[in-house]
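The numbers in our numbering rise by one with no breaks, and the one at position 31 of the sequence shown is 52.
Glycine included, every Cβ here is placed at the ideal spot set by N, Cα and C.
Small disclaimer: the values here were computed from a predicted structure and weren't measured.
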Amino acid sequence: MLGSSKTLLGETLAENDIKVFGDLGNDFYFGVANAAFQVEGACNVDGKLPSIWDEFSVQKGNIKNGHNALEACDFYHRFSEDIALAKSLGFKHFRFSISWTRVVQTDLVSKNQSGINFYKNVLYAILKAGLQPWVTLYHWDLPKVIEDEGGWASRRVVQYFDSYVKLCANEFGGLVERWILVNEPAAFVSLGYLNGYHAPGRKSPFAFLRAVHYVCLAVAQAGRSLREICPNSKVGIAYNYSPVHGNSTKDHLVVKRVDAFINRLFVEPFLGFGYPSGDLPVLKRLDRYIDSGDMDKIKFSFDFVGVQYYFRVVVGSSPWIPFFGGREIPAAKRGVTMNSMKREIYPEGMLESIERFHAYGFKEIVVTENGVCYNDVLKVINDVEVIEDQKRIEFYRDHLEQVMIAKNNGAPVTGFFAWSLTDNFEWAEGYVDRFGLVYLDFTTQRRILKDSGRWWKRHLCS
Ligand code: FCB
Numbered sequence: 022m023l024g025s026s027k028t029l030l031g032e033t034l035a036e037n038d039i040k041v042f043g044d045l046g047n048d049f050y051f052g053v054a055n056a057a058f059q060v061e062g063a064c065n066v067d068g069k070l071p072s073i074w075d076e077f078s079v080q081k082g083n084i085k086n087g088h089n090a091l092e093a094c095d096f097y098h099r100f101s102e103d104i105a106l107a108k109s110l111g112f113k114h115f116r117f118s119i120s121w122t123r124v125v126q127t128d129l130v131s132k133n134q135s136g137i138n139f140y141k142n143v144l145y146a147i148l149k150a151g152l153q154p155w156v157t158l159y160h161w162d163l164p165k166v167i168e169d170e171g172g173w174a175s176r177r178v179v180q181y182f183d184s185y186v187k188l189c190a191n192e193f194g195g196l197v198e199r200w201i202l203v204n205e206p207a208a209f210v211s212l213g214y215l216n217g218y219h220a221p222g223r224k225s226p227f228a229f230l231r232a233v234h235y236v237c238l239a240v241a242q243a244g245r246s247l248r249e250i251c252p253n254s255k256v257g258i259a260y261n262y263s264p265v266h267g268n269s270t271k272d273h274l275v276v277k278r279v280d281a282f283i284n285r286l287f288v289e290p291f292l293g294f295g296y297p298s299g300d301l302p303v304l305k306r307l308d309r310y311i312d313s314g315d316m317d318k319i320k321f322s323f324d325f326v327g328v329q330y331y332f333r334v335v336v337g338s339s340p341w342i343p344f345f346g347g348r349e350i351p352a353a354k355r356g357v358t359m360n361s362m363k364r365e366i367y368p369e370g371m372l373e374s375i376e377r378f379h380a381y382g383f384k385e386i387v388v389t390e391n392g393v394c395y396n397d398v399l400k401v402i403n404d405v406e407v408i409e410d411q412k413r414i415e416f417y418r419d420h421l422e423q424v425m426i427a428k429n430n431g432a433p434v435t436g437f438f439a440w441s442l443t444d445n446f447e448w449a450e451g452y453v454d455r456f457g458l459v460y461l462d463f464t465t466q467r468r469i470l471k472d473s474g475r476w477w478k479r480h481l482c483s
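Structural data, given as structure tokens:
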């Protein structure tokens, strides 16, 4: 710590933290992010269709401790409270996702007016609070009726996604400038179709390869439609990015393969470079699904790119492992600092991630997610409920510092979204690993500010 100074709120701030916030600038976007399935609950109301996550998350064995998201954070009924909370912490940007399953009927074409009204109300509340909405159009909750026809692994999804995005553009376009077409394609396609850890729980290399190609086609097509309907909008995508490092220098080939798989697969086709099959030869098998003209249709220039950095991946060679010829060396074996999901905490990876997107030539880079999970505990001290999450404060400070370095080095990084405002349903991990700045008591739905929430408030409101 370099020293400290008093804020308007009368609390003490470390000088190096002040420098980070100061250097990022007054026009830097600070926001919080969440996703429909992780927070909304109300899975079966007002004409909502079942999604692949509704189905997957209640099947035995899929979610830790048998948790489910039937109620989650009850954002469906409590969104006003959460938007007010975000505002009270000083955030000016609010990212949430629209659930495809709420806004259409079973034919996937007719509108479901109650669902549309719900999202309009969320948008009105965000705007009324003086915040800017950032809307994710697909954050993993595919309508089950589409999965029944093959899901992302069937070419039909391209038309379905296009018509859904057009519907959203027509209904919400007047209220939204910032759109994120899909969240983390590399994550939902590999976890959902290759290793089955996420919905829809498929474990098929063929379905995986098909889904890769159809997601790219669907994103580009829907991106064009969105731009046509809302010419003043900014159309983006959000990528998970994990720098891949070798356990030793002799692992450089496996580093290239894993990097192609995690980081390049869904970036380079849009830029017109095709799939990175030179470094990951198994991708040559994609050829059988590519029709003539497809690769041209996939070329699409995003207005901004969302980078979501949580941890790096360290790999070692292992010739008998198919697909990559390598394996990940777990953080626990490397003796490094970890979060509660046993992922390494490695702030320098933030700089590396942003610089990679800068090197690709993207004109605007936004950190659309970053955060850390711990098994936070609610304590009562002198009759006051507290959550002492100093480690989360350090995490944010250290990662923001890397964003600042990237910016000072010339990367066009314009914003940072904390994942997440409140603790929520963390997919297959259930509710144990908490990411919020605000603690959620899932039995009563009470929201209690963590020390990290106070830290953000001190910086953003001072
Ligand atoms: C990201 C997801 C988000 C959340 C965070 C912790 O990969 O986009 O929904 O689960 O991880």
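Endpoints, the alpha helix (DSSP H) within which Ala228 is located
Following the DSSP letters along the chain, one finds Ala228 inside the alpha helix (DSSP H) bounded by residues 226 to 250.
Exposed unless 16 or more other CB atoms sit within 10 angstroms - verdict on Cys394
Under the 10 Å beta carbon count, Cys394 is surrounded by 16 or more other beta carbons and is classified as buried.
Using 8 Å as the Cβ pair cut-off and three pairs as the minimum, do the region 49 to 57 and the region 430 to 446 touch?
Taking 8 Å as the limit for Cβ pairs, the verdict is that the region 430 to 446 does touch the region 49 to 57.
Do you know whose CA, among Tyr460, Arg468, Val328, Glu170, lies nearest Val388's CA?
Comparing Cα-Cα distances from Val388 to each of Tyr460, Arg468, Val328, Glu170, the minimum goes to Val328.
For a test of the three-state rule: what should DSSP assign to Met22, helix, strand or coil?
Because Met22 sits at a pLDDT of 38, beneath the cut-off of 50, its placement in the model cannot be relied upon, and the following sentence gives the value as read from the coordinates. The answer is coil: DSSP assigns Met22 none of H, G, I, E or B.
Do Val334 and Val265 come within 8 Å of each other at the CB atom, strictly closer than that value?
Yes, the pair counts as a contact, with Cβ atoms nearer than the cut-off.
Report buried or exposed for Thr157, applying the criterion of at least 16 other Cβ atoms within 10 angstroms of its Cβ.
By the 10 Å Cβ count, Thr157 comes out buried.
Mapping DSSP to helix, strand and coil, what is Ser269?
In the structure shown, the three-state DSSP call for Ser269 is coil.
Length of the line joining the Cα atoms of Gly457 and Asn445:
Going by C-alpha positions, Gly457 is about 7 Å away from Asn445.
Kindly provide the ranges of any alpha helix (DSSP H) runs that are 4 or more residues long and lie completely inside the region 316 to 400, ordered along the chain.
352 to 355, 369 to 381, all fully within the region 316 to 400.
8 Å Cβ cutoff met for Arg285 and Pro297:
A contact, by the Cβ cut-off of 8 Å.
Span of the beta strand (DSSP E) around His114
First-last of the beta strand (DSSP E) with His114: 114 to 118.
What is the residue span of the beta strand (DSSP E) that Tyr260 lies within?
First-last of the beta strand (DSSP E) with Tyr260: 255 to 261.
Alpha carbon to alpha carbon, what distance is there between Pro221 and Thr464?
Inter-residue distance for Thr464 and Pro221 is about 28 Å (C-alpha atoms, whole angstroms).
How would you write the range of the beta strand (DSSP E) that Arg17 sits in, first residue to last?
Beyond the ends of the chain as shown, which are 22 and 483, falls residue 17; an answer cannot be given.
In terms of residue numbering, what span does the alpha helix (DSSP H) encompassing Asn403 cover?
That residue, Asn403, is in no alpha helix (DSSP H); it is neither H nor E in DSSP.
To which residues of the same chain is Met22 closer than 8 Å at the C-beta, ignoring the five residues directly before and after it?
With a pLDDT of 38 at Met22, under the threshold of 50, the modelled position of that residue is not reliable, and the figure given next carries that caveat. Here the set comprises Ala35, Glu36, Asn37.
Val279: which of Glu349, Asn429, Ala380 sits nearest, CA to CA?
Ranking Glu349, Asn429, Ala380 by Cα distance to Val279 puts Glu349 first.
I need the straight-line Cα distance from Pro164 to Phe115, nearest angstrom please.
If you take the alpha carbons of Pro164 and Phe115, they lie about 24 Å apart.
Would you tell me roughly how many angstroms separate the C-alpha atoms of Asp300 and His273, rounded to the nearest one?
C-alpha separation (whole angstroms): 11 Å.
Please state whether the Cβ-Cβ distance between Phe42 and His420 is less than 8 Å.
No, they are not a contact pair.
For Trp440, list the residues DSSP reports as bridge partners.
Trp440 is bridged to Ala54.
Assigned exposure category for Ser269 - 16 Cβ within 10 Å defines buried
Looking at its Cβ environment, which holds fewer than 16 other Cβ atoms inside 10 Å, Ser269 is exposed.
As assigned by DSSP and simplified to three states, the class of Pro154:
Residue state, collapsed to three classes: strand.
Excluding the five sequence neighbours on either side, which residues of its own chain have a C-beta within less than 8 Å of the C-beta of Arg467, listed in chain order?
The answer, listed in chain order, is Leu461.
Integer Cβ distance of Val179 from Ala239, believed to fall under 8 Å
With 8 Å as the limit, Val179 and Ala239 qualify as a contact, their Cβ atoms being about 5 Å apart.
How many whole angstroms separate the CB atoms of Ile250 and Gly172, which I take to be in contact at a CB cut-off of 8 Å?
Your pair Ile250 and Gly172 does not check out as a contact, with CB atoms roughly 25 Å apart and the cut at 8 Å.
Look at Glu198 and Asn253 and say whether their C-beta atoms are less than 8 Å apart.
Yes, Cβ-Cβ distance for Glu198 and Asn253 is below 8 Å.
Expressed to the nearest angstrom, what Euclidean distance is found between the alpha-carbon atoms of Leu212 and Val203?
If I take the Cα positions, the gap works out to 15 Å.
Report the rounded CA-to-CA distance for Leu526 versus Leu70, giving the unit in angstroms.
In the structure as shown, the chain starts at 22 and stops at 483, and residue 526 therefore has no counterpart that could be examined.
Any non-hydrogen atom of ligand 1 closer than 7 Å to Phe456 Cβ
Inclusion of Phe456 in the 7 Å shell around ligand 1 follows from its C-beta lying nearer than that to a non-hydrogen atom of the ligand.
Between the Cα of Pro368 and the Cα atoms of Asn391, Ala380, His379, Arg377, which residue gives the shortest distance?
Comparing Cα positions, the closest option is Asn391.
Through-space distance from Arg364 to Pro351, alpha-carbon basis:
The C-alpha of Arg364 is placed about 8 Å away from the C-alpha of Pro351.
Helix, strand or coil for Lys305 per DSSP?
Secondary structure at Lys305: helix, using DSSP grouped into helix, strand and coil.
Please determine whether the Cβ atom of Ala207 lies at a distance below 7 Å from any heavy atom of ligand 1.
Incorrect: Ala207 has no Cβ contact closer than 7 Å to ligand 1.
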